[in-house]
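Structure record follows, encoded as structure tokens.
Protein chains: 2
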Amino acid sequence: MAQWLTDSEQRTWRAFVEMNRYVMTAIDSQLIRDSDMPATYYAILVALSEAPDRRMRMSALADSVDGSQSRLSHAVSRLEQRGWVSRQRCPSDGRGWFAVLTDEGLAALEGAAPGHVDCVRRSVLDALTEQQQEDLYKVATTLAEHLRGTQPDSPAGC
Amino acid sequence: MAQWLTDSEQRTWRAFVEMNRYVMTAIDSQLIRDSDMPATYYAILVALSEAPDRRMRMSALADSVDGSQSRLSHAVSRLEQRGWVSRQRCPSDGRGWFAVLTDEGLAALEGAAPGHVDCVRRSVLDALTEQQQEDLYKVATTLAEHLRGTQPDSPAGC
DNA sequence: GTCAAATGGTTGAACGCTCAATGAGAATGT
DNA sequence: ACATTCTCATTGAGCGTTCAACCATTTGAC
Chain W
451 MAQWLTDSEQ RTWRAFVEMN RYVMTAIDSQ LIRDSDMPAT YYAILVALSE
501 APDRRMRMSA LADSVDGSQS RLSHAVSRLE QRGWVSRQRC PSDGRGWFAV
551 LTDEGLAALE GAAPGHVDCV RRSVLDALTE QQQEDLYKVA TTLAEHLRGT
601 QPDSPAGC
Chain U
451 MAQWLTDSEQ RTWRAFVEMN RYVMTAIDSQ LIRDSDMPAT YYAILVALSE
501 APDRRMRMSA LADSVDGSQS RLSHAVSRLE QRGWVSRQRC PSDGRGWFAV
551 LTDEGLAALE GAAPGHVDCV RRSVLDALTE QQQEDLYKVA TTLAEHLRGT
601 QPDSPAGC
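In structure tokens:
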């Protein structure tokens, strides 16, 4: 280990980090400013809206959204306070809970979606050629695949 | 506005978001676990270490690192508590301050660097072909350029 | 020279995320 | 039956970021 980065690798890495910061900041700010919800809440609402009966088990929702149980639990509590989500006991497993998207939650999502989509277009998609979008897709899936299910200290991880 | 995303655009966007989350989590976790510093602190130390006399004005440092004065001010306060950075009045402008990298700060950076570089390699660079690295570089610089200096509600931003 | 505006930077509160600890129910073994 | 262990989920403390308010100094206009 401890092999340094070449100039070209460093350029790539720094550009990557900078891109992430700009894009994610743009997306998050727009959602907060126009719809008063962080991108993570939006993702939760989207996942629920696409699920059968607009509900999912907490752990499945956590996986689908980012993998942290605790974060999801906190987030659902806050969404519950806003009336956008509610919790339902799981009848077949006494430990389990469903998060359910309420009508108000769906309305909030539908209110937020157009502005968000527009922001994704203007910040990212419109700036790239079709070929670049394809390149980005390939790189992103490669990396996501590479890192998915990476536990701390696993071979691919660090 | 309010034009929906095509399937292909949606695939690209979702892959992008997933990639970011995985990569950034991997990088940040490694630094915290092995060197007890979040990636944002690491970036600050790097910027200072590359500056003349290992010092920069607060606002220049903020620009170079991410653009938020307030975040930087808080971060420098915490780095100061660790003895990694110190503040110096700017002689030519009574309002200004320099953040200065101390010897301890440089040592902390040098201790953290090899593990961090290794993590960048293993999480990202090693998983991509040379061509993909080049593609990623081009996309990243295109987007960073596109979004740099984007104020809220500016034409390219949202 | 004086006053208003702009600039450089800090502060505190509110919020979201992480981590470790916890609890309750289900599965497993004997 | 019973104890062990595993799984699903919640909780609270600690930390970092953001936002708005603020202070001090400098700049510019008159």
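These protein sequence lines map, in sequence, to chains W and U. Numbers in our numbering are just positions in the first sequence, counted from 1, shifted up by 450. Numbers in our numbering are just positions in the second sequence, counted from 1, shifted up by 450. Heads up, the beta-carbon is just placed ideally off N, CA and C, and yes, glycines get one too.
Compute the Euclidean distance between the alpha carbons of U:V574 and U:S542, then round it to the nearest angstrom.
The residue you call residue 574 of chain U lines up with position 124 of the second sequence. The residue you call residue 542 of chain U lines up with position 92 of the second sequence. The alpha-carbon atoms of U:V574 and U:S542 are separated by roughly 44 Å.
Considering only their Cβ atoms, is the gap separating W:V567 from U:W454 smaller than 8 Å?
Along the second sequence, one-based indexing puts residue 454 of chain U at 4. Along the first sequence, one-based indexing puts residue 567 of chain W at 117. Contact: yes.
Is the stretch 581-597 of chain U touching the stretch 518-525 of chain U, taking contact as three or more C-beta pairs under 8 Å?
Because the criterion of three Cβ pairs below 8 Å is not met, the stretch 581-597 of chain U and the stretch 518-525 of chain U do not touch.
Can you confirm whether U:V589, when its beta carbon is compared against all beta carbons of chain W, has any partner nearer than 8 Å?
Mapped onto the second sequence, residue 589 of chain U falls at position 139. So yes, U:V589 belongs to the interface.
Measure the alpha-carbon distance for W:A493 versus W:V515 and round it to whole angstroms.
Walking along the first sequence from the start, residue 493 of chain W turns up at place 43. Walking along the first sequence from the start, residue 515 of chain W turns up at place 65. Whole-angstrom Cα-Cα distance: 7 Å.
Mind checking if U:Y472 is an interface residue toward chain W, Cβ cutoff 8 Å exclusive?
Translated into the one-based positions of the second sequence, residue 472 of chain U becomes position 22. Yes - at least one Cβ of chain W is within 8 Å of the one on U:Y472.
Quick one: Cα of U:G565 to Cα of W:T456, how far?
If you number the second sequence from 1, residue 565 of chain U lands on position 115. If you number the first sequence from 1, residue 456 of chain W lands on position 6. Distance between the alpha carbons of U:G565 and W:T456 is about 16 Å.
Determine the extent of the beta strand (DSSP E) in which U:W547 is found, giving its start and end residues.
Indexing the second sequence from 1 puts residue 547 of chain U at position 97. Element bounds for U:W547: W547 to L551.
Classify U:A557: buried if its beta carbon has 16 or more other beta carbons within 10 angstroms, exposed otherwise.
Counted from its first residue, the second sequence places residue 557 of chain U at position 107. Classification of U:A557: exposed, given that the 10 Å Cβ count is below 16.
Secondary structure at U:S520, three-state DSSP: helix, strand or coil?
For the purposes of this step, residue 520 of chain U is identified with residue 70 of the second sequence, where counting begins at 1. Reduced to three states, the DSSP call for U:S520 is helix.
Which ranges would you report for the alpha helix (DSSP H) in the stretch 457-492 of chain U if only whole runs of at least 4 residues count?
Runs found: 457-485.
Give me the Cα-Cα distance between U:R483 and U:A562, rounded to the nearest whole angstrom.
Looking up residue 483 of chain U in the second sequence gives position 33. Looking up residue 562 of chain U in the second sequence gives position 112. Taking the straight line from one Cα to the other gives about 11 Å.
Sorted by chain position, which residues of the same chain lie with C-beta nearer than 7 Å to U:T490's C-beta, five sequence neighbours on each side aside?
If you number the second sequence from 1, residue 490 of chain U lands on position 40. Contacts found: A525.
With the cut-off set at 8 Å, would you say U:A497 and U:L511 are in Cβ contact?
Along the second sequence, read from residue 1 onward, the residue named residue 497 of chain U stands at position 47. Along the second sequence, read from residue 1 onward, the residue named residue 511 of chain U stands at position 61. Yes, the pair counts as a contact, with Cβ atoms nearer than the cut-off.
So, are the CB atoms of W:E554 and W:W534 less than 8 Å apart?
On the first sequence, residue 554 of chain W is found 104 positions in, with the first residue counted as 1. On the first sequence, residue 534 of chain W is found 84 positions in, with the first residue counted as 1. The answer is yes: Cβ separation under 8 Å.
Contact criterion: CB-CB distance below 8 Å. Does U:S573 meet it with respect to chain W?
Here residue 573 of chain U is taken as the residue at index 123 of the second sequence, counted from 1. U:S573 counts as touching chain W.
At least one CB of chain W closer than 8 Å to the CB of U:D585: is that the case?
Within the second sequence, residue 585 of chain U is the residue found at index 135, counting from 1. Yes, because at least one Cβ of chain W sits closer than 8 Å to the Cβ of U:D585.
Give a yes or no on whether the minimum CB-CB distance between W:R598 and chain U is below 8 Å.
Residue mapping note: residue 598 of chain W aligns to position 148 of the first sequence, counting from 1. Yes, because at least one Cβ of chain U sits closer than 8 Å to the Cβ of W:R598.
Quick one: what's got a C-beta closer than 8 Å to W:R461's C-beta in the same chain, skipping five residues either side?
As a first step, residue 461 of chain W must be located in the first sequence, where it is residue number 11. Within the same chain, W:R461 has no close Cβ partners at all.
With which residues is W:V567 paired in a DSSP beta bridge?
In the first sequence, residue 567 of chain W corresponds to position 117, counting from 1. Answer is none; W:V567 lacks a bridge partner.
On the criterion of 16 or more Cβ atoms from any shown chain inside 10 Å, does U:N471 qualify as buried, or is it exposed?
By 1-based counting over the second sequence, the position of residue 471 of chain U is 21. The identity of residue 471 of chain U in the sequence shown is Arg, whereas the question assumes Asn. The residue is buried, with at least 16 neighbouring Cβ atoms inside 10 Å.
Measure from the alpha carbon of W:E530 to the alpha carbon of each residue in W:F548, W:G544, W:D513 and W:C540, then state which is nearest.
In the first sequence, residue 530 of chain W corresponds to position 80, counting from 1. Closest by alpha carbon: W:F548.
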